[in-house]
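Notes follow once the structure below has been shown.
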Amino acid sequence: MAEIIDGREIARKLDEKTGAEIKAMLDAGQRRPGLAVILVGEDPASQVYVSRKIKACERVGIESSEYRLPADTGQDELLALIGRLNDDANVHGILCQVPLPPQIDTRLVLLAIDPAKDVDGFHPMNAGLLFTGSEGLVACTPSGVIHLLKSVVPDPTGMDALVIGRSNIVGKPVAMLLLNEGCTVTIAHSKTRNLPEIARRSDIIVAASGIAEMVKGGWVKPGAVLLDVGITRVRGENGKDRLVGDIAFDEVQHAGAVTPVPGGVGPMTIACLLANTVRAAKALDRGKARAPAA
Ligand code: NDP
Numbered sequence: 018m019a020e021i022i023d024g025r026e027i028a029r030k031l032d033e034k035t036g037a038e039i040k041a042m043l044d045a046g047q048r049r050p051g052l053a054v055i056l057v058g059e060d061p062a063s064q065v066y067v068s069r070k071i072k073a074c075e076r077v078g079i080e081s082s083e084y085r086l087p088a089d090t091g092q093d094e095l096l097a098l099i100g101r102l103n104d105d106a107n108v109h110g111i112l113c114q115v116p117l118p119p120q121i122d123t124r125l126v127l128l129a130i131d132p133a134k135d136v137d138g139f140h141p142m143n144a145g146l147l148f149t150g151s152e153g154l155v156a157c158t159p160s161g162v163i164h165l166l167k168s169v170v171p172d173p174t175g176m177d178a179l180v181i182g183r184s185n186i187v188g189k190p191v192a193m194l195l196l197n198e199g200c201t202v203t204i205a206h207s208k209t210r211n212l213p214e215i216a217r218r219s220d221i222i223v224a225a226s227g228i229a230e231m232v233k234g235g236w237v238k239p240g241a242v243l244l245d246v247g248i249t250r251v252r253g254e255n256g257k258d259r260l261v262g263d264i265a266f267d268e269v270q271h272a273g274a275v276t277p278v279p280g281g282v283g284p285m286t287i288a289c290l291l292a293n294t295v296r297a298a299k300a301l302d303r304g305k306a307r308a309p310a311a
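Read in this note's numbering, the sequence shown has 194 at position 177, and its numbers run on one by one without any break.
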């Protein structure tokens with residue numbers, strides 16, 4: 018019987034640690050960490066994500082500020098707001114919810130955020146620091162995946178890891194983190210040949226393709242650790258929607274451990290965002306705002 022990795026519980030523990038760090042900062046006379054969240058337009062999923070992030074801030078004691086801008090906001094206006102937040106000493110983290118409306122160049126927006134306040138870890142500077150094995154701000158979902166992995170395998174050195182997906186926000190950073198942990202990493206994507214065969218020889222599989230239940234039971238080696246990033250809404254037989262991951266959960270009982278969907282990687286993403294905000298606040302308060310690698 019595969020162990021179910023309880024992402025909610027692990028996220029709760031991380032939040033507790035984050036809350037304790039904030040308390041210690043305040044006791045030491047430091048500023049309360051602040052997170053600015055920008056939402057452009059009315060995408061329903063983005064609205065839900067932003068509300069969850071704001072609530073999570075309240076829970077651990079991060080001061081959040083919310084900037085809801087209309088869908089027709091111009092690029093210059095958004096960049097000007099980011100510029101002001103970059104200069105605001107009460108703001109330690111800036112998050113601009115994606116996707117952005119088509120008139121806005123997402124790459125320019127991500128580049129405009131001060132890397133020291135880039136708590137999403139999407140800025141090329143932070144991606145580059147991760148690539149070179151340094152300590153920047155690491156993207157939240159990938160960071161959460163590694164937390165979950167280490168809850169069952171504290172030292173994954175030497176293990177064969179397969180990452181399915183090569184996006185800049187999930188697949189590539191997860192692969193880099195696994196490499197930094199000493200794993201031998203294969204990155205698979207839509208052009209990969211013999212994926213089931215590669216999967217069958219992997220000790221760790223991180224599935225981030227967004228294809229519902231693509232990883233079948235027959236792809237999984239007994240004892241492997243499975244981390245499911247994918248979230249897809251499917252219509253159940255009873256006519257009700259349900260969320261499923263990229264892994265056929267009911268077929269992988271011979272795995273060593275598996276994350277459920279929901280309740281696995283998802284809760285960790287927000288917990289890592291909060292932890293990143295505290296990390297950024299500490300670095301900025303130490304006066305290392307422009308040198309996150311130090
Ligand atoms: P993208 O669509 O950006 O990337 C999907 C990746 O999967 C691509 O690299 C693509 O390859 C690859 N892929 C597609 N089809 C196949 C296939 N048949 N075999 C192997 N690889 C394939 O998605 P994201 O990385 O943004 O997200 C992935 C999933 O994770 C989604 O379900 C998303 O909802 C979820 N997600 C969950 C989060 C959470 O907090 N739990 C956070 C972020 C994302 P190619 O590059 O060749 O096209």
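All C-beta atoms, glycine included, are put in the ideal place defined by N, C-alpha and C.
- Counting along the chain, leucine 52 sits inside the beta strand (DSSP E) bounded by residues 51-57.
- Rounded to the nearest whole angstrom, the CA to CA distance from valine 57 to histidine 271 is 44 Å.
- Distance between glycine 175 and aspartate 60, taken at the CA atoms: about 42 Å.
- Runs of the beta strand (DSSP E) lying entirely within the region 252-278 and spanning at least 3 residues, in chain order: 258-261.
- For leucine 117, the CB stays at least 8 Å from every heavy atom of the ligand NDP.
- In this structure, aspartate 220 sits away from glycine 234, with a CB-CB distance that is not shorter than 9 Å.
- Distance between alanine 144 and serine 151, taken at the CA atoms: about 10 Å.
- Annotation: serine 184 to histidine 206 spans about 9 Å, alpha carbon to alpha carbon.
- Under the DSSP assignment, isoleucine 221 falls in the beta strand (DSSP E) whose first and last residues are 221-224.
- In this structure, leucine 212 lies away from valine 136, with their beta-carbon atoms at least 9 Å apart.
- Here the C-alpha atom of valine 282 lies approximately 32 Å from the C-alpha atom of aspartate 44.
- Annotation: glutamate 38 to lysine 208 spans about 44 Å, alpha carbon to alpha carbon.
- Residues Ile22, Gly24, Ile27, Leu244, Thr276, Gly281, Val282, Met285 of the same chain have their beta carbon placed closer than 8 Å to that of leucine 165, with the five preceding and five following residues left out of the count.
- With fewer than 16 other Cβ atoms from the protein chains shown falling within 10 Å of its own Cβ, leucine 125 counts as exposed.
- The ligand NDP has a heavy atom closer than 8 Å to the beta-carbon of aspartate 263.
- In the structure shown, arginine 25 falls within a helical segment according to DSSP collapsed to helix, strand and coil.
- For isoleucine 79, the three-state secondary structure derived from DSSP is coil.
- Residue burial annotation: lysine 30 is exposed, with fewer than 16 other C-beta atoms found within 10 angstroms of its C-beta.
- Pairing threonine 158 with valine 180 gives a Cβ-Cβ distance that is not under 9 Å.
- Secondary structure of aspartate 135 (DSSP, three-state): coil.
- Looking at the backbone, the Cα of glycine 161 and that of leucine 260 are separated by about 19 Å.
- Here the alpha carbons of leucine 194 and asparagine 103 stand approximately 27 Å from one another.
- Sixteen is the threshold: since fewer than 16 other Cβ atoms of the shown chains lie within 10 Å of the Cβ of asparagine 107, the residue is exposed.
- A contact is defined here as three or more CB-CB pairs under 8 Å, and the region 289-296 fails this definition with respect to the region 247-263.
- Between tyrosine 84 and the set Val295, Leu96, Ile204, Gly78, the nearest pair of CA atoms involves Leu96.
- Remark: C-beta atoms of valine 155 and glycine 138 approach each other more closely than 9 Å.
- Under the three-state reduction of DSSP, glutamate 198 is assigned to coil, being neither helix nor strand.
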